[in-house]
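Written out below as structure tokens is the structure these notes cover.
Number of protein chains: 2
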Amino acid sequence: MANLKALADHLGLSQATVSRALNGYETVNADTRKRVEAAARQLNYRPNTAARRLATGRANAVGIVMPAEDGRLVDPHFADFLAGLTRTLAARDIDIVMTASPRETSIATYRRFASTGKVDGFVISFPKRNDPRIEDLLDLAFPFVVHGQCGATRPYSYYDIDNEGAFARATELLCQLGHQRIGVLNGEPDAMFTVQRRSGIARARRSFGLPEDPALTVEGPMTEEAGFREMSRMLSLPLPPTAILCSSMILALGAQRAIREAGLGIGRDVSVISHDDGLSSLKTENFSVPLTVTRAPIRQAGTRIAGMLTDLIDGRGVQTHTAPVDLIVRGSTAPPPK
Amino acid sequence: MANLKALADHLGLSQATVSRALNGYETVNADTRKRVEAAARQLNYRPNTAARRLATGRANAVGIVMPAEDGRLVDPHFADFLAGLTRTLAARDIDIVMTASPRETSIATYRRFASTGKVDGFVISFPKRNDPRIEDLLDLAFPFVVHGQCGATRPYSYYDIDNEGAFARATELLCQLGHQRIGVLNGEPDAMFTVQRRSGIARARRSFGLPEDPALTVEGPMTEEAGFREMSRMLSLPLPPTAILCSSMILALGAQRAIREAGLGIGRDVSVISHDDGLSSLKTENFSVPLTVTRAPIRQAGTRIAGMLTDLIDGRGVQTHTAPVDLIVRGSTAPPPK
DNA sequence: GACGTTGCTGAAAGCGCTTTCTATCTTATC
DNA sequence: GATAAGATAGAAAGCGCTTTCAGCAACGTC
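These protein sequence lines are chains A and B, in that order. Anchor point for the first sequence: position 141 equals 164 in our numbering, and the numbering is continuous, going up by one each time. Anchor point for the second sequence: position 191 equals 214 in our numbering, and the numbering is continuous, going up by one each time.
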């Protein structure tokens, strides 16, 4: 394994010149650079990462801390997000280093990663409302970008989608079609996107003079099982919903099963609108009845956040971005049955 | 940000002693150690990772290189696998560093990661038959564990599940129930698990004297869409299958839709067996008709591979493990209709 | 011919740890 | 009381790179 010294000796040059040649400094003679590059290739030289980090103080890596709660569900969307993130960062030669930590101790984990120089910044996933991680990282003045929002008192970088607007429009659509009893299958109550969607729905309801209906609103885990259970329950109510809003395709899958098993038809008896993160393996347009959705590809979030974070690390200031969400109307929405 | 020197000065000790105290060497006085530990906590000292790596030559990190093909689908199972892996490694204070690379250049990426000292070992995912990565890493004599197998000429560490046996047993079950025309929805033809399952099915077929049926066997992408398309095609054949074997739950989801849209009933008209990786968000027991499955939780693979890899890095030799696969019989399998 | 310039390269000082080797002080041993 | 052994701590040499500062030609300029 050739190191810089070996390469320099081989070339009869100093380590300084070789280092400069390889790192694209202007002050090195063109011929010398050529020679150095050729020799580096020939000796298969690769600069040691730890040494370089130690000398430059930069890790060229960003961190992700996954919640390690054992009972917790692993979001299948995460793979798609990660794909977008990793590809974009890889193109800039930045690694992503991942670890897991229980939520209670995650702040300590972030601090350790920051203060040991393992990473130059973080991507914060699954933010909760008033997430303590954000305030802490702001105190540390360490770069990070949040995937979602969390309502901090100071400015911070985030990429979010217009959850509020999307679910307001979805609700409006249902209202315009004449629905009065609209069920909601939302995410965990303290997840920020749940809060945003809740408020979008409420806004639309108000503008149509539709009261809240607690019995038809559920906030909890986003599994197929939960979707099925809660939808079944709602359908057995004396006044069942004629439409349902789902916060994820997985919930919609469960709702679909409940509707079907109740002997009802999607779009005919019950309208369904789901949020769609644009997963590649399972598409909402391919449901038995193609789903009307609010759509925002989650992979784009990964791509964009990668850019925002490298900008931030390079000192280019806080950015925020709220991506628009498309409302795509398909066969699962129709006026309520008479 | 306190460093070792500052801490040593503060204590009036040498860096050497402080370092030893903090790293659990026996040759340091018990009182001294206490003092050092207290001061370290007080000054919030954390050893710099890069410096430590440079000094010890160990990265305390393992690498994962994701295939970066843009058209490629991101496997939702990957999130579950990663969860198991990351948690186990985090408990041992080992980071996982991830990057993405196109398949053609992935070998170069592995080499770069290995020779720059970024990681101490690799987890190889999605192995193909005779995967060139394995031979290359063996040549480099760099530690790695494969998730799956790939048929190299030299011994290497892997964790696999008994794909061959599982699909043999699944096929046998169908044969015993009296099925003669068994369709197969398998994965990409060059993925190793596809090969293994193919051969398990063939073995069971032979033992029941059942000929191969190319028109009823499909190998390709594991998406809901593909499952639907191919199952629909098979059902429109003059002699449609009375049973279908699916290599993933996502394919089964598509097959289910096709069967339903053909006006047929799962378990009644068409038996379905799927492989089940035990994803937490969508469970095969919760299909409208609970699915008979070959089951092997993919998260366990992550957990176990983490252990195998750290063992390997610590010089504890090559291990191989083939996990058994349960065959869980539920309502989706029955004798063929008369 | 003295004097800035410009272009290129080398010496050497870190970056923050670990670890070997050495030094000192105690204590046990005869 | 001399000596060996044991316990503890420090000095210093690296680990492999980057980067500052200095140096040396060669060159044009007055």
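Cβ coordinates follow ideal geometry from the N, Cα and C atoms, glycine included. Nothing here was measured: the structure is a model prediction, and the numbers come from that model.
Around residue 254 of chain A, no beta-carbon contact reaches into chain B at under 9 Å, the shortest distance being about 12 Å.
Beta-bridge partners of residue 151 of chain B (DSSP): B:214. The CB of residue 101 of chain A comes closer than 7 Å to the CB of 102 in chain B, given here in chain order.
In the DSSP assignment, residue 116 of chain A falls outside any alpha helix (DSSP H), carrying neither H nor E.
In this structure, DSSP gives residue 206 of chain B an extended state, which the three-state scheme calls strand. Linking residue 125 of chain A to residue 89 of chain A through their CA atoms gives a straight-line distance of about 8 Å.
For the beta strand (DSSP E) assignment, the region 40 to 65 of chain A encloses no uninterrupted run of at least 3 residues. Your pair residue 140 of chain B and residue 82 of chain B checks out as a contact, with CB atoms roughly 6 Å apart and the cut at 8 Å. Taking the Cα positions, residue 44 of chain A is about 36 Å away from residue 154 of chain B. Under DSSP, residue 145 of chain B takes part in a beta bridge, and its partners are B:86 and B:167. Shown here for residue 150 of chain B: same chain residues with a beta carbon closer than 6 Å to its own, the five before and five after excluded, namely 169, 171, 173 and 215 in chain order. Considering only beta carbons, the part of the region 119 to 152 of chain A lying closer than 7 Å to chain B consists of 119, 120, 121, 122, 123, 124, 135, 138, 139, 140 and 141, in chain order. Each residue's CA atom was taken as its position, placing residue 349 of chain A and residue 61 of chain A some 52 Å apart. Of all residues in the region 253 to 284 of chain B, the ones placed with a Cβ closer than 8 Å to any Cβ belonging to chain A are 273, 276, 277, 280, 283 and 284, in chain order. Distance from the CA of residue 24 of chain B to the CA of residue 271 of chain A, rounded to the nearest whole angstrom, comes to 43 Å. For residue 69 of chain A, the C-beta contacts it makes with chain B under 7 Å involve 135, 138 and 139, in order along the chain. The residues 168, 180 and 342, in chain order, have a CB closer than 6 Å to that of residue 331 of chain B in the same chain once the five nearest residues on each side in sequence are set aside. The beta carbon of residue 243 of chain B is closer than 7 Å to those of 211 and 249 in its chain, skipping five residues each way along the sequence. Shown here for residue 344 of chain A: same chain residues with a beta carbon closer than 6 Å to its own, the five before and five after excluded, namely 182 in chain order. In the structure shown, the three-state DSSP call for residue 294 of chain B is strand. Linking residue 114 of chain A to residue 156 of chain A through their CA atoms gives a straight-line distance of about 28 Å.
Using a Cβ-Cβ cut-off of 8 Å, residue 304 of chain B is close to 96, 97, 98, 99, 245, 246, 247 and 273 of chain A, given in chain order. The continuous stretches of alpha helix (DSSP H) do not include residue 182 of chain A, which lies in the beta strand (DSSP E) extending over residues 180 to 184.
By the rule that beta-carbons nearer than 8 Å mark a contact, residue 309 of chain A touches chain B. Residue 175 of chain A and residue 198 of chain A have their C-alpha atoms some 33 Å from each other.
The straight-line gap separating the alpha-carbon atoms of residue 118 of chain B and residue 121 of chain A is approximately 6 Å. Out of B:361, B:222 and B:208, the CA that lies nearest to the CA of residue 186 of chain B is found in B:222. The beta-carbon of residue 167 of chain B is placed no less than 8 Å from the nearest beta-carbon of chain A. Note on residue 48 of chain A: under 16 other CB atoms within 10 angstroms of its CB, so exposed under the neighbour-count rule. Looking only at A:103, A:355 and A:55, the smallest Cα-Cα distance to residue 320 of chain A is reached by A:103. If you look at residue 349 of chain A, you'll find it in the beta strand (DSSP E) that goes 349 to 351. Put simply, the CB of residue 61 of chain B is far from chain A, with every gap to its CB atoms at 8 Å or more. The Cβ neighbour count for residue 98 of chain A, taken over all protein chains shown within 10 Å, is at least 16; the residue is labelled buried. About 27 Å separates the Cβ atoms of residue 188 of chain B and residue 145 of chain B, ruling out a contact at the 8 Å cut-off. Non-local beta-carbon contacts of residue 67 of chain B in its own chain, meaning distances under 8 Å to residues more than five positions away in sequence, involve 25 in chain order. The straight-line gap separating the alpha-carbon atoms of residue 307 of chain A and residue 75 of chain B is approximately 49 Å.
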